[in-house]
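Protein chains in written order, with my numbering: chain A, 56 to 380; chain B, 758 to 1155.
Idealized CB from N, CA, C, for every residue including glycine.
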C-alpha cells in the first residue's frame, strides 16, 4: 500500500467509526487533496464532514480549534508546512496552550497534517522543514512519518488522542510502498529500529531516513563496521529510552535531517546525548543537515543544499576515519 | 529528627508576622493538617498548618509577639517511622554519590570520553602511552582495548577470548595471561562458545523455515542399480542428475515453482545438488541439465565440489533450480528424506546401494505435484534406469 493510501485508509476507518471526525483543508474535498490523500472521502462522508476551506490557514486552524472545543475531532490538512506559518498564532498561542491555560478543562482532540521538505523544484518558499519550530512548542505532540505502516497506525492513534497532534509528512514519500501490518499494535511514541548494528547509531526521520538507508551498505563496507539505523518517529516527546540503549551500545551518534543546520531539530538530540551520555561517547557526534541557505529552484543547487545518499556516504566515511573507525 | 516550622510569608508585602494564638503547646501530638497557630499578616489573620506527624518540641515566640518571615517558630520531633525514612533517604543519597565517583574514575588525555573512562577503570595512563607512541592521538575505546589485550594476554589467549566472546575486564591482570589461564576460566564458568550466524547461514535458515511451512509428502521406491554399477565410469550422482533431467522433461510439474500468485514452469531442467562442507550445506545449481552430456555433468559436479570447499561459490550459482538432489549413499545410509530447496518442486534423496538396488525417496510440494503424477514420475525413473540403451547412448555421445 502507498503512503498516501495508508493515510487515506486511516482517515476512512476512523471516520466510519466516529461521526465526530471532520476533515478540513484546502482542496481536500472536490479535488481529493493536492497529494491525493483524501481521495474518495467526500463521496463517502459528504461535504459536512469533508470540508474545502478558503485559502486562509489561520482561519482553518482557528476553526478547527473551535470545532475541537465544541466536541468534534477535526483533522486538518495544511497544504504544506510552509503555509503553516500563516497559522502559527493559532497553533502556538491557542492550540498548544488552551488545554494548559484551562487547567485541562478544555481538551483539543485535533490533528494537523502537513507535508514538508525539499521536493523536486518547488522553490524556496515551498521546500522548508519546520519540525524544529513545532517540536519546540510545549503542548504539541509531533510525529514525523516515514513509512506507510507507521502512517496508518500513528494517524489512527493520533485522531483518537485527546490532545493536539502535529502529523508531519514528506512530499516525496506519498508514493512510498510498504505492506501494512494490520495486526500490529504500534506505539506512535516509540522510535523504530530499522536495522540493528554495533558500531554507530544513526538517527533520522522522514525522507532522510530512506536516503541514509540506501547509503548504509557502502558505509558499512568502507568503514568495516555495522550501523544501527533508527527512525525517530515521535519528535516530541522523544523516545530517549530507545536512543539511550543504542548509544550506550555503539558509543557513536550521527543525526541526519533535511532542515537547515542552524537551529536544526537534531541539535537538540545531540545536545541531550552529550549532556546525558557523555561518558558513553567514543566519538564526537556528527550532525548532517541542510545548508544554511534558502532551497534553490535549480535542481543541482537544490540537491547541493541538502544531504543526499552520496553526500551522506562521503560525510560519514570521512567522519569515521578521523573518529577511530 | 526535628521538623522546623518557619514564619510563613502570607502576602507579597509581608515582612514579619504577629503570632495571635498558639493552638498547641509543648509535648502535644500533632498530625498532618493540624492547625498549630493563628498568624496575622499585614492584611489578615490566617491559620498555620503542620505538614508532618510528630510531637511539639518547642515554641519559640509568645502569643502577641512578632517575628520576621523565615524565622523558626516551632520545632516538632518527628514520629520514628517518618524520621527513619528520611534518614535512610539521606544515607542512600550519600552512597549514590560515592559510587558514581568511583565508577567515573577518569584519566586526563586526548581521548574520547568513553575511552578515558575505560582507561580509568583499567588504570591505564593514556597520556604517558601517547607520549611514547603506544597509543594514537586521539585515542578511542578500540585503541585502549587493543593495547590492554596485547599487554596482558598472549595471542593464543586472545583468540580464545574472541572465540568465546569473553569480557577482558573479568580477568585479574597482574601478569600476562596465557591460553591455559583463559581455558581454565572458560571451564570454570562453563561458558559456551558463541559464534555469529553468517549471512549465508541466515539465508539458509530462512529457506529451511520456508520449506517447513510447505505441504510436503513423500513417496518411496527402489531403483535397480545394475547399470549404475556397469557404467561406473560416471558417479551415481551424475547418472541420477541425467536421469531426473530426462524424466523432468516429460513431467512439467517437476520444472515448476510458485512465486506469489503465479506458477512458473521453466523450459529446461535445473537441478540443485546438496553438498556439505564443515557443517554448512550448499545447494549449487546445474542449469539446463537436459542439454548436458554425462561427462559435462560429472565435471561440473567436481567443479562445484572444489568451489564449495574453497568457499568461492557465488549466490548466482545457487539460484534458479526447480528440482533438488541429495545423495547420502556414500555414508551407507539406507534411506532418508530431504527438505525441498528454496522454491523447488521436489527433492530426491538417494540412499546406499544394497543388494543391487538403491532406495529413492521423493519429497514433493503438494501444491505443484499430485500423488498420481509423482507416482508416474517415479515409474518413469525406474524404467529409464533399466534401459541399457540410454546408458550406452550417453556414454557413446561423450
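- The DSSP-derived three-state label of residue 204(A) is helix.
- Contact check for residue 897(B) against residue 379(A) passes: the beta carbons are separated by less than 7 Å.
- Counting the other CB atoms within 10 Å of its CB gives residue 333(A) a total below 16, which places it among the exposed residues.
- Just measuring C-alpha positions, the residue of 1057(B), 1115(B), 1051(B), 1090(B) sitting nearest residue 1149(B) is 1051(B).
- Annotation for residue 875(B): the continuous alpha helix (DSSP H) segment containing it runs 870 to 878.
- By alpha-carbon distance to residue 817(B), the top candidate from 832(B), 1056(B), 805(B), 1076(B) is 832(B).
- Interface annotation for the stretch 895 to 908 of chain B against chain A: 895, 896, 897, 898, 899, 900, criterion Cβ-Cβ distance under 9 Å.
- Annotated as distal: residue 921(B) and residue 901(B), with beta-carbon spacing of 7 Å or more.
- Counting C-beta pairs with one atom in each stretch, the stretch 1000 to 1017 of chain B and the stretch 1067 to 1075 of chain B have fewer than three that are closer than 8 Å, which means they do not touch.
- In chain B, no part has a C-beta under 9 Å from the C-beta of residue 125(A); the shortest such distance is about 39 Å.
- Taking all protein chains in view, the Cβ of residue 98(A) is surrounded by fewer than 16 other Cβ atoms within 10 Å, so the residue is classified as exposed.
- Across the structure, residue 1111(B) and residue 1006(B) are spaced so that their CA atoms are roughly 29 Å apart.
- The stretch 244 to 291 of chain A contains, as complete beta strand (DSSP E) runs of 3+ residues, the segments 247 to 250, 255 to 259, 282 to 286, 289 to 291 (chain order).
- At least one beta carbon of chain A lies nearer than 7 Å to the beta carbon of residue 874(B).
- Within the stretch 339 to 352 of chain A, no residue has a Cβ lying closer than 7 Å to any Cβ of chain B.
- Within its own chain, the residues whose Cβ lies closer than 6 Å to the Cβ of residue 341(A), once the five positions on either side in sequence are excluded, are 309, 374, listed in chain order.
- Contact check for residue 62(A) against residue 92(A) passes: the beta carbons are separated by less than 7 Å.
- If you ignore the 5 residues before and after residue 102(A), its C-beta comes within less than 7 Å of the C-beta of 84, all in its own chain and listed in chain order.
- According to the DSSP assignment, residue 70(A) belongs to the alpha helix (DSSP H) that extends over 58 to 72.
- In this model, residue 777(B) and residue 810(B) are separated by some 23 Å (Cα to Cα).
- Secondary structure note for residue 825(B): its beta strand (DSSP E) is the uninterrupted segment 823 to 825.
- By the C-beta criterion, the stretch 348 to 357 of chain A is judged to be in contact with the stretch 177 to 191 of chain A, since at least 3 inter-stretch pairs fall below 8 Å.
- Distance check between residue 207(A) and each of 199(A), 235(A), 191(A) places 235(A) closest, using alpha-carbon atoms only.
- Counted as a single uninterrupted DSSP element, the stretch harbouring residue 895(B) is not any beta strand (DSSP E), since DSSP gives it neither H nor E.
- In the structure shown, the three-state DSSP call for residue 786(B) is strand.
- Sorting 256(A), 77(A), 314(A) by C-alpha distance to the C-alpha of residue 119(A) places 77(A) at the top.
- Contacts with chain A (Cβ-Cβ distance below 7 Å) from the stretch 945 to 960 of chain B involve no residue at all.
- By the Cβ test, the stretch 321 to 336 of chain A is not in contact with the stretch 356 to 370 of chain A, since fewer than three Cβ pairs between them sit closer than 8 Å.
- DSSP lists 762(B), 816(B) as the bridge partner or partners of residue 831(B).
- Annotation for residue 1110(B): the continuous beta strand (DSSP E) segment containing it runs 1103 to 1111.
- Within chain B, the residues placing a beta-carbon under 7 Å from that of residue 306(A) are 871, 898, ordered along the chain.
- Distance between residue 1117(B) and residue 956(B), taken at the CA atoms: about 33 Å.
- Residues of the same chain with a CB within less than 7 Å of the CB of residue 145(A), apart from the 5 flanking positions on each side, are 113, 116, 117, 120 in chain order.
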